[in-house]
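In full-length UniProt numbering, the protein residues as written are 1 to 711.
Every residue gets a Cβ at the ideal spot worked out from N, C-alpha and C, and that includes glycine.
To keep things clear, I will list the structure first and then write my remarks on it.
Laid out in structure tokens, this is it:
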């Protein structure tokens, strides 16, 4: 379905924002208290449900199509706005004594999750919780069952809000609600309040019913009149603990929304942003207006005259909001092209989590994964990958360089970060600043680290036969001296197996010799009173071929991303899923006669009439230039399309003579799956005489990234 007539919804967003301001300023209070109650405690209560219904209205298609990325992005957007709003009102919280005697961490958590850290911010966590509940309910149980659940929740909320007087007549109910109010301050929240209005918006979008204007106006007038009567009646009996939830509010909102859909109007992002700023900033404006009135001795006019107070707050809020809208709309931004416009990498985060689970199940229970995210996480995008790995419970990471470690820290990655390589002594200060762990690459380097005036945490690398980095295993005196260095804290000791990826008898014997030498060293250190800290030996192939080693960590690199360095068997059967796919598009399709030459150097000559296509990816993007010399192919429309001619810097050419209906902009798969066909990275690496580690880590900076969750 198409949402074409949404302009009136955008216009009413602004009206709703002014209604929220009215709720917080009581514009008619100094004129007539009953009129003010009707305006602010009854009519004004349509504002927040309207915002929720609009969200549900536009969320319908995403829920219907199970578009997790859209739903996730919506939740992230609201969460970001909420986080910034918390910071915006933090000074007011502090000044008002929020963090003083009555403060508790439990209260802070409760406010963040349900009540909001400032009086108007409850709406944002309510939206987040409501979206999660409704999405889960509809996708798991269907819309009808979700309606039943939402009505039940709203009913519970009603008794804790406008119908609280009924609760007081029954001891068991009173006890029940007392327990609820130890967790939340009000029932108008994401659990009891938001679901019904989100589902109401979703239902309107799904059914797309078209009533006559007369029918809608009669329905709105009838439900609206009864709604006002309900509010006044409850108020007169003093039943209301709060006044956000009414029975007649639901049908009233239904007809109001139908009316707004009938009205003409042009969709406006400016109005949407304006209403958002009005909602978020107006409490600050209330504070500033009150402060100005006191300074100017104008309290009687600007504060106690409620209507003038309201109009001034609205005017200043509108002015500031317009400035903010203009400021944001005029801010120069980078020209972001679509991430799949030319050539891109697609990352399956679900496959990543699957691989973590598989590898963890392979290792002993006391051994944790240390995720190796060097070289941009082997071309997968280090920051996003590390964040996802943190969510799986991984608390240790390894990188090759200090700049990689700093990048992770600057993007919020917690836990241990071990630098596997050499760090220039000029940069030792960054080890301390960013709490990075440095590898001791030899004894002379240990002395340099110790010369730095602040404590540096290290892991000692032991050379047991790789002869690349590390202190030779036989140099035990040097190793022990490191434990005596005043400015070095030894947090771990490790080694690297040089032939763990090979299963020939002599290679297995060499690996076992390395392992034995390492453990003998560790035993010696412990016997002499030294605590070696965390121990780790295995990298990816060490995990797969020697899974039972007694260590604290196993350094999972290439296996974490669902591929092996080279095709072949491993000692431990394991089902890993490739995380990365590489895609590009068809730019040009051409008919070529027999005998024509294609590409640089006239390397390829057609033997018959042929249809060729130029693909928008080349060796500048990391595709090995000599890949085309080894019968390589890509996937197009679930069929193999051979690469012909030399691979160019920005393009490659494929034979599509046998593939029907090839069009410009069609997607080509270089690594990944298309239908029932798959090209694994191991296959490409084998054709190029290299390993997958090199293929993946060479993928170019010009490639965009798409992160998806396919599990």
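Based on DSSP bridge pairs, tell me the residues matched to residue 614. Stepping through the chain shown from its first residue, residue 614 is reached at position 614. Paired residues: 588 and 653.
Let's test the definition: count the other Cβ atoms within 10 Å of the Cβ of residue 334 and tell me whether it reaches 16, buried, or not, exposed. Counted from its first residue, the chain shown places residue 334 at position 334. Any reading at residue 334 must be qualified, since the residue scores a pLDDT of 45, below 50, and its modelled position is unreliable; the value itself is stated next. Counting Cβ neighbours within 10 Å, residue 334 comes out exposed, since fewer than 16 surround it.
Quick check on residue 532: buried or exposed, where buried means 16 or more other Cβ atoms within 10 Å of its Cβ? Sequence index remark: in the chain shown, residue 532 carries index 532 (1-based). It is buried - the Cβ of residue 532 has at least 16 other Cβ atoms within 10 Å.
Which parts of the region 347-433 are runs of the beta strand (DSSP E), unbroken and 3 residues or longer, counting only runs that do not cross its ends? 368-372, 396-399 and 416-419
Close beta carbons around residue 714, own chain, < 6 Å, minus the five adjacent residues each side: Residue numbering for the chain in the displayed model covers 1 to 711; residue 714 lies beyond these limits and cannot be assessed.
Residue 119 burial status per 10 Å Cβ neighbour count (16 or more: buried): Position 119 of the chain shown, counted from the first residue, corresponds to residue 119. Burial call: exposed.
May I have a chain-ordered list of the beta strand (DSSP E) segments no shorter than 3 residues that lie completely inside the region 12-46? none
Proximity to residue 315 [Cα-Cα], best of 286, 62, 329 and 597: Walking along the chain shown from the start, residue 315 turns up at place 315. Comparing Cα-Cα distances from residue 315 to each of 286, 62, 329 and 597, the minimum goes to 286.
What does the alpha-carbon distance come out to for the pair residue 167 and residue 242? Position 167 of the chain shown holds residue 167. Position 242 of the chain shown holds residue 242. C-alpha separation (whole angstroms): 13 Å.
Which class does residue 457 belong to by DSSP, given the choice of helix, strand or coil? Residue mapping note: residue 457 aligns to position 457 of the chain shown, counting from 1. Three-state DSSP puts residue 457 in a strand.
Grouping DSSP H, G and I as helix and E and B as strand, with all else coil, what is residue 111? Locating residue 111 in the chain shown gives position 111, where the first residue counts as 1. Reduced to three states, the DSSP call for residue 111 is helix.
For residue 182, list the residues DSSP reports as bridge partners. What you label residue 182 is simply residue 182 of the chain shown in a count that begins at 1. Partner(s): none; residue 182 has no beta bridge.
Does the distance from the CB of residue 68 to the CB of residue 548 come in under 7 Å? Counting from one through the chain shown, the residue named residue 68 turns up at place 68. Counting from one through the chain shown, the residue named residue 548 turns up at place 548. No, these two residues do not count as a Cβ contact at 7 Å.
Who are the near neighbours of residue 405 in its chain, counting only those whose CB is closer than 6 Å to its CB and skipping five residues on each side? Locating residue 405 in the chain shown gives position 405, where the first residue counts as 1. Counting only Cβ-Cβ distances below 6 Å, and skipping sequence neighbours, we find 399, 417, 419 and 436.
Do you know whose CA, among 254, 127, 301 and 260, lies nearest residue 194's CA? The residue labelled residue 194 in the question sits at position 194 within the chain shown. Nearest option by C-alpha distance: 127.
Counting Cβ pairs, one atom from each stretch, are 3 or more of them under 8 Å apart for the region 154-162 and the region 84-94? no
By DSSP, does residue 635 sit in helix, in strand, or in coil? Indexing the chain shown from 1 puts residue 635 at position 635. In this structure, residue 635 counts as strand in the three-state DSSP scheme.
Three-way DSSP call (helix, strand, coil) for residue 136 in this model: As a position in the chain shown, residue 136 is number 136, starting the count at 1. It is helical.
Span of the alpha helix (DSSP H) around residue 674: Your numbering for residue 674 matches position 674 in the chain shown. Here residue 674 belongs to no alpha helix (DSSP H); instead the beta strand (DSSP E) covers 667-674.
Straight-line Cα distance separating residue 196 from residue 141: As a position in the chain shown, residue 141 is number 141, starting the count at 1. As a position in the chain shown, residue 196 is number 196, starting the count at 1. Looking at the two C-alpha atoms, the distance is approximately 15 Å.
Would you call the region 350-358 and the region 304-321 in contact, with 3 or more CB pairs under 8 Å? no
Candidates 632, 371, 595 and 432: closest to residue 607 by CA position: Numbered from 1 along the chain shown, position 607 holds the residue referred to as residue 607. Among 632, 371, 595 and 432, the Cα nearest to that of residue 607 belongs to 595.
Is it buried or exposed, residue 691, if we count other Cβ atoms within 10 angstroms and call 16 or more buried? Residue numbering aside, residue 691 sits at position 691 when the chain shown is read from its first letter. Its Cβ being crowded by 16 or more others within 10 Å, residue 691 is buried.
In whole angstroms, what is the alpha-carbon distance linking residue 673 and residue 84? Looking up residue 673 in the chain shown gives position 673. Looking up residue 84 in the chain shown gives position 84. Answer to the nearest angstrom: the Cα atoms are 40 Å apart.
Nearest candidate by alpha-carbon position, reference residue 371, set 554, 480 and 677: Indexing the chain shown from 1 puts residue 371 at position 371. For residue 371, the nearest C-alpha among the options comes from 554.
Taking DSSP as the reference, what is the three-state secondary structure of residue 600? Here residue 600 is taken as the residue at index 600 of the chain shown, counted from 1. It is helical.
Close beta carbons around residue 293, own chain, < 8 Å, minus the five adjacent residues each side: Here the question's residue 293 lines up with position 293 in the chain shown. Excluding residues within five positions, the ones whose Cβ falls inside 8 Å are 299, 301, 302 and 303.
Quick check for students: name the residue ranges of the alpha helix (DSSP H) that lie wholly in the region 239-311, counting only runs of 4 or more. 249-262 and 269-295
Give the secondary structure of residue 692 by DSSP, where H, G and I count as helix, E and B as strand, and everything else as coil. What you label residue 692 is simply residue 692 of the chain shown in a count that begins at 1. Helix at residue 692.
Around the C-beta of residue 591, are 16 or more other C-beta atoms found within 10 angstroms, so that it is buried, or is it exposed? Here residue 591 refers to the residue found at position 591 of the chain shown. Counting Cβ neighbours within 10 Å, residue 591 comes out exposed, since fewer than 16 surround it.
If we count Cβ pairs, one from each stretch, closer than 8 Å, do we get three or more for the region 433-448 versus the region 481-488? yes
What separation, rounded to the nearest whole angstrom, lies between the Cα atoms of residue 439 and residue 402? Residue 439 sits at position 439 when you count from the first residue of the chain shown. Residue 402 sits at position 402 when you count from the first residue of the chain shown. If I take the Cα positions, the gap works out to 11 Å.
Span of the beta strand (DSSP E) holding residue 494? Here residue 494 is taken as the residue at index 494 of the chain shown, counted from 1. Element bounds for residue 494: 488-495.
To the nearest angstrom, report how far apart residue 97 and residue 108 are at their CA atoms. Here residue 97 refers to the residue found at position 97 when the chain shown is read from its first residue. Here residue 108 refers to the residue found at position 108 when the chain shown is read from its first residue. Straight-line Cα distance between these residues: approximately 13 Å.
Which of helix, strand or coil does DSSP assign to residue 72? Looking up residue 72 in the chain shown gives position 72. Helix at residue 72.
Apart from the five residues just before and just after residue 697, which ones in its own chain have a Cβ nearer than 6 Å to its Cβ? Taking the chain shown and counting its residues from 1, one reaches residue 697 at position 697. If we look at residue 697 and ignore the five residues flanking it on each side, its Cβ neighbours are 375, 378 and 379.
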